[in-house]
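Numbering (our numbering), first residue to last: 635 to 726.
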């Protein structure tokens with residue numbers, strides 16, 4: 635008997651929530667200086683693999699609102715975790 639797609643999706647969502655909690659716990663346990671929030675870690679990882687990515691593109695990749703990513707960037711810059719650079723091709 636095959637499971638219904640709705641049930642599989644629900645089970646997957648529950649499993650992902652559990653994995654996310656576990657990752658957060660392990661990150662917190664290993665953090666010695668500052669504790670980063672999950673979204674901050676995701677943003678830093680994205681910037682690491684896509685240097686120069688803009689706020690709007692990062693927002694799309696992370697499925698977050700642009701102003702949320704902008705707030706994350708500002709916080710990470712303030713805390714010395716991220717360096718903001720102006721794109722010479724886009725003077726905004």
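Backbone N, C-alpha and C fix where the C-beta goes; we use that ideal spot for every residue, glycine too.
Relative to the C-alpha of residue i, which residue among the options is closest?
i           : options       : result
residue 693 : 703, 711, 676 : 703
residue 670 : 713, 645, 718 : 713
residue 711 : 722, 691, 677 : 677
residue 724 : 689, 696, 662 : 689
Using C-beta distances below 6 angstroms, list every residue in its chain close to residue i, excluding the 5 sequence neighbours before and after it, in chain order.
i           : result
residue 720 : none
Excluding five sequence neighbours on each side, which residues of the same chain lie with their C-beta closer than 7 angstroms to the C-beta of residue i?
i           : result
residue 691 : none
residue 695 : 680
Can you list, in chain order, the residues of its chain whose CB lies under 8 angstroms from that of residue i, leaving out five sequence neighbours each side?
i           : result
residue 686 : 719, 721
Does the beta-carbon of residue i have 16 or more other beta-carbons within 10 angstroms, so that it is buried, or is it exposed?
i           : result
residue 707 : buried
Between residue i and the ligand HEM, is the CB less than 7 angstroms from at least one heavy atom?
i           : result
residue 655 : This structure simply doesn't include the ligand HEM, nor any ligand for that matter.
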